[in-house]
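Asker:
Protein chains in written order, with the working numbering: chain A, 1 to 279; chain B, 280 to 697.
#1: In three-state DSSP terms, what is residue 198(A)?
#2: Can you check which of these residues, 351(B), 292(B), 680(B), is closest to residue 503(B) by C-alpha distance?
#3: In the DSSP assignment, find the unbroken beta strand (DSSP E) run with residue 513(B) in it and report its ends.
#4: Comparing the C-beta of residue 206(A) with each C-beta of chain B, is any distance below 8 Å?
#5: Going by beta-carbon coordinates alone, are residue 634(B) and residue 598(B) separated by less than 8 Å?
#6: Mind listing the chain A neighbours of residue 369(B)? Cutoff is C-beta to C-beta under 7 Å, in chain order.
#7: Please state the DSSP three-state secondary structure of residue 619(B).
#8: Flag this pair as yes or no: are the beta carbons of residue 325(B) and residue 388(B) separated by less than 8 Å?
#9: What does the alpha-carbon distance come out to for the pair residue 627(B) and residue 240(A)?
#10: Tell me which residues share the same chain as residue 515(B) and place their Cβ nearer than 6 Å to its Cβ, disregarding the 5 neighbours each side in the sequence.
#11: Would you mind telling me which residues of chain A sit closer than 7 Å to residue 518(B), beta carbon to beta carbon, in chain order?
#12: Return the bridge partner residues of residue 205(A) from the DSSP annotation.
#13: Check distances from the C-beta atoms of the region 49 to 77 of chain A to those of chain B and list, in chain order, the residues that come in under 9 Å.
#14: Quick check: the Cα distance between residue 308(A) and residue 168(A), rounded to an integer number of angstroms?
#15: Measuring CA to CA, which of 118(A), 123(A), 271(A) is closest to residue 64(A)?
#16: For a cutoff of 8 Å on Cβ pairs, would you count residue 278(A) as touching chain B?
#17: Fully enclosed by the region 339 to 371 of chain B, which beta strand (DSSP E) runs are 3 residues long or longer?
#18: Using a Cβ-Cβ cut-off of 8 Å (strictly less than) and excluding sequence neighbours within five positions of residue 278(A), which residues of its own chain qualify?
#19: Return helix, strand or coil for residue 137(A), following the three-state DSSP convention.
#20: What in chain B is Cβ-close to residue 140(A), meaning under 8 Å?
#21: Identify which residue in 411(B), 554(B), 341(B) has its Cα closest to the Cα of residue 386(B).
#22: Take residue 54(A) as the anchor and find which of 232(A), 174(A), 132(A) has the nearest alpha-carbon.
#23: Less than 8 Å between the beta carbons of residue 669(B) and residue 617(B), yes or no?
#24: Cβ of residue 215(A) less than 8 Å from any chain B Cβ?
#25: Check whether the Cβ atoms of residue 52(A) and residue 236(A) sit closer than 8 Å, and answer yes or no.
#26: Just reading off the alpha helix (DSSP H) that residue 120(A) is part of, what are its end residues?
#27: Closer than 8 Å, CB to CB, is residue 678(B) near chain A or not?
#28: Is any beta-carbon of chain A found at less than 8 Å from that of residue 522(B)?
#29: Would you kindly report the start and end of the unbroken beta strand (DSSP E) that includes residue 101(A)?
#30: Using DSSP with H/G/I as helix, E/B as strand and the rest coil, what is residue 312(B)?
#31: Which residue comes first and which comes last in the alpha helix (DSSP H) that contains residue 433(B)?
#32: Closest to residue 394(B) by C-alpha separation, out of 445(B), 675(B), 657(B), 682(B), would be which residue?
#33: Classify residue 554(B) as helix, strand or coil using the three-state DSSP reduction.
#34: Which one of 79(A), 229(A), 97(A) has the shortest CA to CA distance from residue 175(A)?
#35: Mapping the DSSP letters down to three states, classify residue 648(B) as helix, strand or coil.
#36: So if DSSP puts residue 129(A) in a beta bridge, which residue, or which two residues, is it bridged to?
Structural data, given as structure tokens:
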């Protein structure tokens, strides 16, 4: 019996190993693997650090927002459970600071009005062409799901261990590494005036200028005002924009697991009892 | 095998119904009284698990379809709408997306079990072929489903796979245009894929009914691979198989839940969170893990048409298996050589899967070619030859003997009726 169960487990593992790169989409063989960081939201009991999300949101608003939109994120969600912990009033204030295109009105004209909690973050540029025109042809991408849209390749057997460890923070590892990965190009590499050298960017030549510098954003909670800390905070915030229900998901996951394990235990003994007569 | 049911409902109403539509009797003879070989191991629980998977996909899929928009402009955002705004939308979507992978894990185990124990052999040929048809339908359904979120990998995966048909001589390009409903993967393609993705699961359900019907006609194979000879060889489906299947199913749900709640994006591609962009090709276009072995076979052949033929042949060859492997002994347990070749074949498939994820260059291509060749040699050369040259070991006289040992049957009977 024991033997059969071991075989079963092996079978599942080998079936999964078909997915050699199930999650691992090769970025660039030349780019180094970003270091794996400690994130508050990793693991089975992971949860967002509200203070960190608020700091990250501040970094987004004061730095990233100049070019990058968050068009899938509604203001109201900033106050959801498992989010930034803003009150209704705070959300109204934040939303009101943005101008939203609306209309047409009774005269058939489009108009601008202050944002409401039900609105999503407005686009920074009217369209892709406008965005490219102001960035020498480069397009600042929308950041709503960016934390899930980036990853790095994990070789064998790491990608199998990640299943057991529940490691799914490849995207944020990469983003944090990217934001802190600017350096001088190695000798022999030439950059155009609008290119920068980034250790972790696939191909290394990135059109985004180094966005962060120490003391650029003021923190009021005493957290270090460093590029590294800014990068961690804004990355955590972007994880939240990508997975706003992460906390609810993990919480329910734990309940489901407890239920299923108890159920499986009962099922095992029931089966044993039923089969006791047969063998 | 099922035989006429001796089911006699107690209530007068049910007796009245039963005389007019004996559906309860059918259920009773199929899932309660149905005799199952008493030596079935846990590999036999995957049939039930697969029904569960199909049920989960259909139920979550129907609800997702209520919130999804099959348009080029709206598909990506509607999926995010499900993830963000729909009540428990994240749960439904994660279940549906991971559920596809769970379905394939289960079906591959189910298929390898059939290969190992010779479940395709006489009299189960049609049962097996129906299984191959279900597998094909599953692949089509999964492929079209992956296109629906309209991310980069959706779009480019659809482009690559539909383009395969252009290799058909003469009419190829016309066929591709017909599939696309235009001159590239675009709105008509997405819309028809959505329609077909909704239709095919119900076709799968229909073929599953035939599959179960055929199964209940010929009876289950079993680890000893020998026929049921007497009542001592079998146990009634309920409570024996029901209890065992339920336990296995709950264990499977734990694995399922692990992916759904903790690593829902593990089995997908990060690139699919980038909205589809026809002007920008991703660095590597990689199909979902369950297609990787076939993708490796496709790319192993230097000519496009050859690759397409090899890929389809690699699935079609399964349908001919009952006639390629003519050995009388079913179970690998009693076929020492076949058993070794079986495991080599399993490693070949895993190796092809790994190669399917690697770029088609250098050593990877050579390895793909060797493994592709072996894949076909296994079916077309090894199995037919083994049928003639292999000396099987002694099979037990009966199922009861294989599981209870050679103890006097009287004892076994006494135990059984205790």
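The C-beta atom is built at its ideal place from N, Cα and C for all residues, glycine as well.
Answerer: With the structure as the only source:
#1: In the three-state DSSP reduction, residue 198(A) falls in the strand class (E or B).
#2: Nearest to residue 503(B) by alpha-carbon distance, out of 351(B), 292(B), 680(B), is 680(B).
#3: Its beta strand (DSSP E) spans residues 513 to 515.
#4: So, not an interface residue.
#5: Taking 8 Å as the Cβ cut-off, residue 634(B) and residue 598(B) do not qualify as a contacting pair.
#6: Under the 7 Å cutoff, chain A gives 245, 249.
#7: Under the three-state reduction of DSSP, residue 619(B) is assigned to helix.
#8: A contact, by the Cβ cut-off of 8 Å.
#9: Rounded to whole angstroms, residue 627(B) to residue 240(A) spans 41 Å at the Cα level.
#10: These residues qualify, in order along the chain: 312.
#11: 274, listed in chain order.
#12: In the DSSP assignment, the residues bridged to residue 205(A) are 197(A).
#13: Those would be 71, 72, 73, 74, 77, in chain order.
#14: It is not possible to answer for residue 308(A), since the shown part of chain A is limited to 1 through 279.
#15: Looking at the Cα atoms, 123(A) is the closest of the given residues.
#16: At a cut-off of 8 Å between C-beta atoms, residue 278(A) counts as an interface residue with respect to chain B.
#17: The region 339 to 371 of chain B contains no whole beta strand (DSSP E) run of 3 or more residues.
#18: For residue 278(A), where only same-chain residues beyond five positions count, there are no Cβ hits under 8 Å.
#19: Three-state DSSP puts residue 137(A) in coil, outside helix and strand.
#20: Those within 8 Å of residue 140(A) in chain B number zero; the least Cβ separation is about 14 Å.
#21: Answer by Cα proximity: 411(B).
#22: Of all alpha-carbon atoms in 232(A), 174(A), 132(A), the one lying nearest the alpha-carbon of residue 54(A) is that of 232(A).
#23: Yes, the Cβ-Cβ distance between residue 669(B) and residue 617(B) is below 8 Å.
#24: With 8 Å as the cut-off, residue 215(A) does not count as an interface residue toward chain B.
#25: Result yes, Cβ atoms of residue 52(A) and residue 236(A) sit closer than 8 Å.
#26: Per DSSP, residue 120(A) lies in no alpha helix (DSSP H) and is assigned neither H nor E.
#27: No, residue 678(B) lies away from the interface with chain A (no Cβ there is under 8 Å from its Cβ).
#28: Cβ-Cβ to chain A under 8 Å: yes for residue 522(B).
#29: In this chain, the beta strand (DSSP E) harbouring residue 101(A) covers 99 to 102.
#30: In this structure, residue 312(B) counts as coil in the three-state DSSP scheme.
#31: Counted as a single uninterrupted DSSP element, the alpha helix (DSSP H) harbouring residue 433(B) occupies residues 431 to 442.
#32: Measuring from the Cα of residue 394(B), the nearest candidate turns out to be 657(B).
#33: Per DSSP, reduced to three states, the secondary structure at residue 554(B) is strand.
#34: Taking only the C-alpha atoms, the option nearest residue 175(A) is 229(A).
#35: DSSP, reduced to helix, strand and coil, places residue 648(B) within a helical segment of the structure shown.
#36: For residue 129(A), DSSP records no beta bridge to any residue.
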